[in-house]
Amino acid sequence: MWKEIWSVYWKRILGAAAGLFCSIVYLAFGFWDMLFVALLVFAGYWFGKQKESSNGPVIPWQRIWETIMDRFRPFR
């Protein structure tokens, strides 16, 4: 019975568990701390996803540096 419920409603169950976890964090630490924790979790997820999808660096420092130098070059 539980396997059938899990196989059909696993997304709803995980969503409810995530909501319960966020509400416990909110009650224990406060709203802004909960948002900061959520931001850190999202940043970790994003960096991991970027690293999985590409072989290059996660943050393209060379491209960022070239964009900054092209835009803010004092003497053109």
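According to this note's numbering, the sequence shown is numbered sequentially starting from 365. Idealized CB from N, CA, C, for every residue including glycine.
Q) Rounded to the nearest angstrom, how far is the Cβ of Trp366 from that of Ile377, given a contact under 8 Å? A) As a working mapping, residue 366 is identified with position 2 in the sequence shown. As a working mapping, residue 377 is identified with position 13 in the sequence shown. So it is not a contact: roughly 10 Å between Cβ atoms.
Q: Specify, as a first and last residue, the run of the alpha helix (DSSP H) that Ile423 falls within.
A: The count along the sequence shown starts at 1 and reaches residue 423 at position 59. Ile423 -> no alpha helix (DSSP H), and no H or E assigned at all.
**Q.** Inter-residue CB distance, Tyr409 and Met398 (contact presumed, cutoff 8 Å)
**A.** For the purposes of this step, residue 409 is taken as residue 45 along the sequence shown, with counting starting at 1. For the purposes of this step, residue 398 is taken as residue 34 along the sequence shown, with counting starting at 1. Not confirmed; about 16 Å, so no contact.
Q) Mind checking if Phe385 is an interface residue toward chain D, Cβ cutoff 7 Å exclusive? A) The chain labelled as chain D is not found in the depicted structure, where only one protein chain is given.
Q. Given Cys386, which residues of its chain have a CB within under 7 Å of its CB, disregarding the five upstream and five downstream residues?
A. The sequence position of residue 386 within the sequence shown is 22, counting from 1. Around Cys386: Met398.
Q.
The alpha helix (DSSP H) that contains Gly394, what's its start and end?
A. Reading the sequence shown from its first residue, position 30 is the one you call residue 394. From DSSP, Gly394 is part of no alpha helix (DSSP H); its letter is neither H nor E.
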